[in-house]
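Engineer: Attaching a single structure in structure tokens format; questions to follow.
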Amino acid sequence: MKIVYNTILFTLLFLATSCDHSEKIDDIKLEISQNIFRNIDNNGGKITVAITSNSEWITANSADWCIPDKYQGEGNDILTIKILANTKHANRQTNLIISAQGINQTIKISQQKGEVNQDLDKIHYQLPVIFHVLYQNENDINQYIKEDHLKDVLVRANHFYQSEKCGIDINLEFVLATKDKNGTTLPEPGVERVPFNELPIDCEKFMRDNTGKYTSLLWEPNEYINIMVYPFTDSQILGISTFPYSLKDFFLEGTQQVSASWITLENLSFPYCISINSSYIYEQSTDERINQNDAAITLAHELGHYLGLRHVFSEGGTTSMCTDTDYCKDTPSYNRSEYEQWLNNLDKQNKYQLKDLAKRYSCEKGEYEAHNIMDYAYCFYNEITLEQRKRIRHILNYSPLIPGPKESRIDTRGVQGRLNLPICIMK
């Protein structure tokens, strides 16, 4: 009798469990706001889809030019899909599938063909910039930067990358972000003001912090160049920047190689960004005088680092070397320590012209005048060379965590979770 009872009980439990499971499957909901996107411009862009669901869901896609901002989620959400520029002379299409416990929704995407033999080098990059202004005291203008001032700094920094200033056309511009990370129009373009209780900040510790403490300050680096603005504990440092990565198949000398070709904010444990010392944010040059602490010069210099440019003077374990360490043959290299010693020995009672202070002695070619944006004071800061341009364009075309169109051969399938990435920063 006991055995029969157990058998009957097991049968009843099995039936009850089966019935409950069937009801759950029937109750799962997965709907999307739009399932067809036709003839997307060959320059790329973004599309958004509203997901309505009461369950966990995942996305799947085989096309490397169609990149969802998330690969899994739960419940109602907005899925943003980045479409890379089509550099091939052929239309293309793909299907992105959203799945929730056996229920599928398919998003069909097609994109117009690119121009014949389209060259990435000819693409005009517009790189959105977001300034994160960290402040404690809203009444301190060196913390709570005056409205529109950062716009002016960026306008002036752009001049250093334009042909009338630097001598060659880099074919890029830095623009103020108009929408925040959620797609909402920013009341102050390109600026986010963030209350912060840890000012001033040791900028080197901040930039190297690998605990994830500061990544919440970042917006997606594939969409924005993040620029933190705050007072530094070290008043001698004007700015500091993360240095970009390169890929095995598209390696660039002088950069760290990473295996993951598509990296997102989700993968970062440190603040991948530029930091600018707000104590100097109002410094600027005039038509008559170049201010070596000019905030626009500092920003242009740090943007150069962010896009793969190294200092033109010798670097390594010491600046007393006399070797070419910026991987650009058309930028004369010099012994920085020797130059600084020469400066210190000058009679401070005398007045000097910039052309005298900008005098350098090349490791190979003798005396020359310093004009390159990737030098330190004293310098004219009105030059970017062809070799430097090549490095910038390489980073724009191939490097992860840089906004803008990418070479279509790059694998853009995401990796979930934090990655153990090398941290390289430059001042």
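Its first residue numbered 1, the sequence shown is counted upward by one per residue in full-length UniProt numbering. Note that CB positions come from ideal geometry on N, CA and C, so glycine has one too.
Quick check for students: name the residue ranges of the alpha helix (DSSP H) that lie wholly in the segment 116-177, counting only runs of 4 or more.
Structural biologist: 149-159, 163-166, all fully within the segment 116-177.
Engineer: Assign residue 458 to one of three DSSP states: helix, strand, or coil.
Structural biologist: No answer is possible for residue 458: it lies beyond the span of the chain, which begins at 1 and ends at 427.
Engineer: Does residue 367 pass the burial test, meaning 16 or more other C-beta atoms within 10 Å, or should it be called exposed?
Structural biologist: Counting from one through the sequence shown, the residue named residue 367 turns up at place 367. Classification of residue 367: exposed, given that the 10 Å Cβ count is below 16.
Engineer: Which same chain residues end up closer than 6 angstroms to residue 252 when comparing Cβ atoms and leaving out the 5 residues on each side of it in sequence?
Structural biologist: Here the question's residue 252 lines up with position 252 in the sequence shown. Closer than 6 angstroms at Cβ, skipping near neighbours: 246, 394.
Engineer: So, residue 44 versus residue 57, is the Cβ gap smaller than 8 angstroms?
Structural biologist: Here residue 44 refers to the residue found at position 44 of the sequence shown. Here residue 57 refers to the residue found at position 57 of the sequence shown. No.
Engineer: Using CA coordinates, which residue listed in 122, 79, 157 is at the minimum distance from residue 283?
Structural biologist: Walking along the sequence shown from the start, residue 283 turns up at place 283. Per the Cα distances, 157.
Engineer: Three or more C-beta pairs under 8 angstroms: does that hold for the segment 99-109 against the segment 129-145?
Structural biologist: Cβ pair count under 8 angstroms is below three, so no.
Engineer: Residue 396 by DSSP, collapsed to three states: which one?
Structural biologist: Taking the first residue of the sequence shown as position 1, residue 396 is located at position 396. Three-state DSSP puts residue 396 in a helix.
Engineer: Going by C-alpha distance, which of 87, 75, 104, 29 is nearest residue 35?
Structural biologist: Translated into the one-based positions of the sequence shown, residue 35 becomes position 35. The candidate whose alpha carbon is nearest that of residue 35 is 104.
Engineer: Under the rule that 16 or more other beta-carbon atoms within 10 Å means buried, what is residue 256, buried or exposed?
Structural biologist: Within the sequence shown, residue 256 is the residue found at index 256, counting from 1. With fewer than 16 Cβ atoms within 10 Å of its Cβ, residue 256 is classed as exposed.
Engineer: Which of the three DSSP states is assigned to residue 207 in this structure?
Structural biologist: Along the sequence shown, read from residue 1 onward, the residue named residue 207 stands at position 207. Correct three-state label for residue 207: helix.
Engineer: Just how far apart, CA to CA, sit residue 117 and residue 83?
Structural biologist: Working through the sequence shown from its first residue, we reach residue 117 at position 117. Working through the sequence shown from its first residue, we reach residue 83 at position 83. Because the pLDDT of residue 117 is 47, which lies under 50, any placement of that residue in the model is unreliable, and the question is left without a value.
Engineer: Does the separation of the CB atoms of residue 128 and residue 225 fall below 8 angstroms?
Structural biologist: On the sequence shown, residue 128 is found 128 positions in, with the first residue counted as 1. On the sequence shown, residue 225 is found 225 positions in, with the first residue counted as 1. Against a cut-off of 8 angstroms, the Cβ pair of residue 225 and residue 128 comes out as a contact.
Engineer: Please report the distance separating the alpha-carbon of residue 65 from that of residue 108.
Structural biologist: Residue 65 sits at position 65 when you count from the first residue of the sequence shown. Residue 108 sits at position 108 when you count from the first residue of the sequence shown. Approximately 14 angstroms between the Cα atoms of the pair.
Engineer: Give the DSSP bridge partners of residue 229, in chain order.
Structural biologist: Here the question's residue 229 lines up with position 229 in the sequence shown. DSSP lists 133, 276 as partners of residue 229.
Engineer: Please confirm if the segment 198-206 is in contact with the segment 270-285, defined as three or more CB-CB distances below 8 angstroms between the two stretches.
Structural biologist: Yes, the segment 198-206 touches the segment 270-285.
Engineer: Excluding sequence positions up to five away, which residues of its chain have a Cβ less than 7 angstroms from the Cβ of residue 292?
Structural biologist: Here residue 292 corresponds to residue number 292 of the sequence shown, with the count starting at 1. The residues are 377, 378.
Engineer: Looking at the structure shown, is residue 339 part of a helix, part of a strand, or coil, going by DSSP?
Structural biologist: Indexing the sequence shown from 1 puts residue 339 at position 339. Helix, per DSSP.
Engineer: Between the alpha carbons of residue 112 and residue 281, how many angstroms are there, rounded?
Structural biologist: Here residue 112 refers to the residue found at position 112 of the sequence shown. Here residue 281 refers to the residue found at position 281 of the sequence shown. Cα to Cα, residue 112 sits roughly 44 angstroms from residue 281.
Engineer: What is the DSSP secondary structure of residue 425, reduced to helix, strand or coil?
Structural biologist: Within the sequence shown, residue 425 is the residue found at index 425, counting from 1. Note: residue 425 maps to strand in three-state DSSP.
Engineer: By Cβ distance, which residues of its chain are closer than 6 angstroms to residue 269, with the 5 residues on each side in sequence left out?
Structural biologist: Along the sequence shown, read from residue 1 onward, the residue named residue 269 stands at position 269. Excluding residues within five positions, the ones whose Cβ falls inside 6 angstroms are 210, 212, 418.
Engineer: Give the secondary structure of residue 298 by DSSP, where H, G and I count as helix, E and B as strand, and everything else as coil.
Structural biologist: Here residue 298 is taken as the residue at index 298 of the sequence shown, counted from 1. Correct three-state label for residue 298: helix.
Engineer: Pull up the CB-CB distance for residue 49 and residue 131, whole angstroms please, since I reckon it's below 8 angstroms.
Structural biologist: Translated into positions along the sequence shown, residue 49 becomes position 49. Translated into positions along the sequence shown, residue 131 becomes position 131. About 30 angstroms; that fails the 8 angstroms criterion.
Engineer: May I ask which residues mark the beginning and end of the beta strand (DSSP E) holding residue 356?
Structural biologist: Against the sequence shown, residue 356 aligns to sequence position 356. It is not in any beta strand (DSSP E) - residue 356 instead sits in the alpha helix (DSSP H) that spans 354-357.
Engineer: Throw me the rounded Cβ distance for the residue 176 and residue 190 pair, which I believe falls under 8 angstroms.
Structural biologist: Against the sequence shown, residue 176 aligns to sequence position 176. Against the sequence shown, residue 190 aligns to sequence position 190. With 8 angstroms as the limit, residue 176 and residue 190 qualify as a contact, their Cβ atoms being about 3 angstroms apart.
Engineer: Taking DSSP's pairing of strands, which residues face residue 77 in a bridge?
Structural biologist: Stepping through the sequence shown from its first residue, residue 77 is reached at position 77. Per DSSP, 51.
Engineer: Reducing DSSP to helix, strand and coil, say where residue 106 ends up.
Structural biologist: Position 106 of the sequence shown, counted from the start, is the residue given in the question as residue 106. Note: residue 106 maps to strand in three-state DSSP.
Engineer: Just verifying my parser: in three-state terms, what is the DSSP assignment at residue 385?
Structural biologist: In the sequence shown, residue 385 corresponds to position 385, counting from 1. Three-state result, residue 385: coil.
Engineer: Determine the burial state of residue 61: buried for a count of at least 16 other Cβ atoms within 10 Å of its Cβ, exposed for fewer.
Structural biologist: Numbered from 1 along the sequence shown, position 61 holds the residue referred to as residue 61. Per the 10 Å Cβ criterion, buried.
Engineer: Give every residue of the same chain whose Cβ lies closer than 6 angstroms to the Cβ of residue 22, excluding the five residues on either side of it in the sequence, and list them in chain order.
Structural biologist: Taking the first residue of the sequence shown as 1, we reach residue 22 at position 22. Annotation note: pLDDT 43 at residue 22 (below 50); position unreliable, coordinate value reported separately. The answer is none, since no qualifying residue turns up.
Engineer: Just grab the DSSP bridge partners of residue 195 for me.
Structural biologist: Within the sequence shown, residue 195 is the residue found at index 195, counting from 1. BP columns for residue 195 point to 135.
Engineer: Can you tell me whether DSSP reads residue 420 as helix, strand or coil?
Structural biologist: By one-based count along the sequence shown, residue 420 stands at place 420. DSSP places residue 420 in coil when its eight states are reduced to three.
Engineer: Tell me the DSSP secondary structure of residue 369 in three-state form.
Structural biologist: Residue numbering aside, residue 369 sits at position 369 when the sequence shown is read from its first letter. It is a strand residue.
Engineer: On the DSSP bridge list, what partners appear for residue 46?
Structural biologist: The count along the sequence shown starts at 1 and reaches residue 46 at position 46. The partner list for residue 46 (beta bridge, DSSP) reads 82.
Engineer: Can you tell me where the beta strand (DSSP E) holding residue 100 begins and where it ends?
Structural biologist: Reading the sequence shown from its first residue, position 100 is the one you call residue 100. Residues 92-100.
Engineer: Quick one: residues in its chain with C-beta nearer than 6 angstroms to the C-beta of residue 254, no 5 flanking neighbours on either side, listed in chain order?
Structural biologist: Here residue 254 corresponds to residue number 254 of the sequence shown, with the count starting at 1. Correct list, in chain order: 310, 327.
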